[in-house]
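Notes for the one structure printed next.
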Amino acid sequence: MKPADPSFPPVRRLGLDDLPHCLDLAQDRSWPREERKWRLLLENGEGFGVDAPDRGGLAGTVVLTRYGRTAAAVGMMLVASRYNGRGLGRRLMNHVLAQAGDATLFLCATEYGRPLYEKLGFETVGVVEARVGRFDAGDGPYGGPGPGRNASRLAEPVRDLAALCALDLEVFGADRSRLLARLFAFAEQVRVAERDGEITGYGAAWRSGDRLFVGPVVAEDDETARVLVTDLAQDADVRIRIDIDHRRQELISWIAGCGVPQASTTSFMVHGGRALPGDRSRLVASFMSALG
Numbered sequence: 001m002k003p004a005d006p007s008f009p010p011v012r013r014l015g016l017d018d019l020p021h022c023l024d025l026a027q028d029r030s031w032p033r034e035e036r037k038w039r040l041l042l043e044n045g046e047g048f049g050v051d052a053p054d055r056g057g058l059a060g061t062v063v064l065t066r067y068g069r070t071a072a073a074v075g076m077m078l079v080a081s082r083y084n085g086r087g088l089g090r091r092l093m094n095h096v097l098a099q100a101g102d103a104t105l106f107l108c109a110t111e112y113g114r115p116l117y118e119k120l121g122f123e124t125v126g127v128v129e130a131r132v133g134r135f136d137a138g139d140g141p142y143g144g145p146g147p148g149r150n151a152s153r154l155a156e157p158v159r160d161l162a163a164l165c166a167l168d169l170e171v172f173g174a175d176r177s178r179l180l181a182r183l184f185a186f187a188e189q190v191r192v193a194e195r196d197g198e199i200t201g202y203g204a205a206w207r208s209g210d211r212l213f214v215g216p217v218v219a220e221d222d223e224t225a226r227v228l229v230t231d232l233a234q235d236a237d238v239r240i241r242i243d244i245d246h247r248r249q250e251l252i253s254w255i256a257g258c259g260v261p262q263a264s265t266t267s268f269m270v271h272g273g274r275a276l277p278g279d280r281s282r283l284v285a286s287f288m289s290a291l292g
């Protein structure tokens with residue numbers, strides 16, 4: 001692999017003062033300027049960056065979000081287009097690998113980024129579909145409050161947070177309680193599904209730019225997932241986005257039938273051949289690609 005260009009300054013920790021430069025870098029790579037997303041990531045994770053040698057903002061960024069000591073997500077790995085091919089992406093990723101310690105590290109990779117991650121020891125274990133469109137459940141069983149229709153309810157932090165975190169820990173295999181506590185203030189709504197007084201699933205919807213992101217969604221079965229997604233998305237006045245595991249073909253077909261086509265795919269990758277903790281069969285949709 002080509003060594004990193006020594007003319008770049010050292011990798012440093014990013015703070016909220018760097019947010020405007022993060023947005024500029026995203027725009028340079030034709031990503032949207034998603035201030036709310038970047039702010040959440042910088043406040044809840046560890047952002048790292050390299051200043052541009054020409055003093056034109058940031059040359060590159062990456063964000064590490066830890067979930068206890070068990071797992072960590074890597075996201076927002078960006079290099080300014082004018083610095084392509086100079087080894088900066090590898091330098092940033094090596095820095096993250098050193099910072100992560102013994103945590104199981106995972107990320108979502110575009111086709112452009114996947115070769116680098118493979119060289120650094122990441123392996124593809126799945127595919128994530130990003131589906132974007134106007135959601136319309138129509139007149140089917142999930143399209144309205146009709147007789148006998150299962151329904152979710154709005155979650156309440158004091159009442160539900162502990163049970164919601166316990167369920168998420170089973171599914172994710174890592175402590176995401178800090179992030180989930182923040183979810184109640186960040187999201188437009190958080191909903192839970194119940195059976196016999198126990199929470200069997202939860203989901204959230206939050207805005208970024210001109211889209212409503214539906215995720216995370218955790219559910220014991222496809223029926224529960226459809227209920228949660230419908231209740232979160234059916235009143236949206238903008239396009240929704242949901243990032244869903246490619247293996248959930250029945251749910252994907254249902255979402256497509258609700259008017260939400262595939263927009264892109266990414267490779268879900270894990271470092272070092274490790275098995276992911278938890279029971280991911282119940283993880284329907286991620287929070288966002290940078291968080292899992």
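Take our numbering: the last position of the sequence shown gets the number 292, and nothing is skipped along the way.
For glycine and all other residues, C-beta sits at the position ideal for the given N, C-alpha and C.
### Task
State the Cα-Cα distance for the pair proline 277 and aspartate 54, rounded to the nearest angstrom.
Rounded to whole angstroms, the gap between the alpha carbons of proline 277 and aspartate 54 is 43 Å.
### Query
In three-state terms, what does DSSP make of glutamine 234?
Note: glutamine 234 maps to coil in three-state DSSP.
### Query
What residues are listed by DSSP as bridge partners for methionine 269?
Methionine 269 pairs with Leu107 and Thr124.
### Whether glutamate 8 touches arginine 91 by CB criterion (9 Å)
As written in the sequence, residue 8 is phenylalanine, which differs from the glutamate given in the question. Yes, Cβ-Cβ distance for phenylalanine 8 and arginine 91 is below 9 Å.
### Query
Using the C-alpha atoms, what's the distance from glutamate 118 back to alanine 26?
Alanine 26 and glutamate 118: Cα-Cα distance of roughly 23 Å.
### Three-state class that DSSP yields for glycine 148 in the structure shown
Unreliable positioning characterises glycine 148 in this predicted model, as indicated by a pLDDT of 43, which lies under 50. The coordinate reading is nonetheless provided below. In the structure shown, glycine 148 sits in coil (DSSP, three-state: anything other than H, G, I, E or B).
#### Entry: Distance between valine 214 and glycine 148 (C-alpha atoms, nearest Å)
With a pLDDT of only 43 at glycine 148, under the threshold of 50, the placement of this residue in the model should not be trusted; the figure read from the coordinates follows. Their backbone Cα atoms lie some 25 Å apart in a straight line.
### Message
Which same chain residues end up closer than 6 Å to valine 70 when comparing Cβ atoms and leaving out the 5 residues on each side of it in sequence?
### Response
Note on residue identity: the sequence assigns threonine, not valine, to residue 70. Excluding positions up to five away in sequence, the list reads Ala174 and Pro277.
### Message
Once DSSP output is grouped into helix, strand and coil, what is the label at proline 216?
### Response
Assignment of proline 216 by DSSP, reduced to helix, strand and coil, places it in the strand class.
### Task
Sort out for me which residues DSSP pairs tryptophan 254 with in a bridge.
Looking at the DSSP assignment, tryptophan 254 forms no beta bridge with any residue, so it has no partner.
### Query
Enumerated in chain order, which unbroken segments of the beta strand (DSSP E) with a length of 3 residues or greater are wholly contained in the stretch 20-72?
Correct list: 46-51 and 58-67.
### Query
Is valine 229 near the ligand PLP, in the sense that its beta carbon is under 8 Å from a heavy atom of that ligand?
Inclusion of the ligand PLP in the displayed structure is not the case, the ligand content being empty and no account of it being possible.
#### Entry: Whole-number beta carbon distance between glycine 45 and threonine 61, since they are thought to touch under 8 Å
With a Cβ gap of about 11 Å, threonine 61 and glycine 45 do not count as contacting.
#### Entry: Span separating the alpha-carbon of threonine 230 from that of alanine 52
Near 44 Å, if we compare the C-alpha coordinates of alanine 52 and threonine 230.
### Message
Short of 7 Å in beta carbon distance, which residues of its chain neighbour aspartate 245, apart from the five on each side in sequence? Order them along the chain.
### Response
Apart from sequence neighbours up to five positions away, the residues of its chain that approach aspartate 245 with a beta-carbon distance below 7 Å are Gly126 and Val128, ordered along the chain.
### Query
Considering only the beta carbon of each residue, do alanine 130 and isoleucine 199 sit closer than 9 Å?
Not a contact, by the Cβ cut-off of 9 Å.
### Query
Is methionine 288 helix, strand or coil by DSSP?
In the three-state scheme derived from DSSP, where H, G and I count as helix and E and B as strand, methionine 288 is classed as coil.
### Task
Could you name the residues of the same chain whose beta carbon sits closer than 8 Å to that of leucine 16, not counting the 5 residues immediately before and after it, in chain order?
Around leucine 16: Arg39, Leu42 and Glu43.
### Query
In terms of residue numbering, what span does the alpha helix (DSSP H) encompassing valine 158 cover?
Judged by DSSP secondary structure, valine 158 falls within the alpha helix (DSSP H) whose first and last residues are 157-172.
### Message
Rounded to whole angstroms, what is the Cα-Cα separation between alanine 236 and proline 10?
### Response
Taking the straight line from one Cα to the other gives about 44 Å.
### Message
Can you tell me whether alanine 80 is helix, strand or coil according to DSSP?
### Response
Coil, per DSSP.
### Message
So, does the stretch 107-123 touch the stretch 191-208, judging by three or more C-beta pairs under 8 Å?
### Response
They do not touch, by the three-pair rule.
### Query
Which residues mark the beginning and the end of the alpha helix (DSSP H) in which glutamate 118 is found?
Per DSSP, the continuous alpha helix (DSSP H) segment holding glutamate 118 begins and ends at 114-119.
#### Entry: Paired residues, beta bridge with glutamine 262 - DSSP
Answer is Arg131.
### Query
So, using beta-carbon positions, are leucine 164 and leucine 180 closer together than 9 Å?
Between leucine 164 and leucine 180, the C-beta gap is smaller than 9 Å, which places the two residues in contact.
### Task
List the whole-angstrom C-beta distance separating valine 227 from serine 152, where the pair is believed to meet the contact cut-off of C-beta under 8 Å.
The pair is a contact, with the Cβ atoms about 6 Å apart (cut-off 8 Å).
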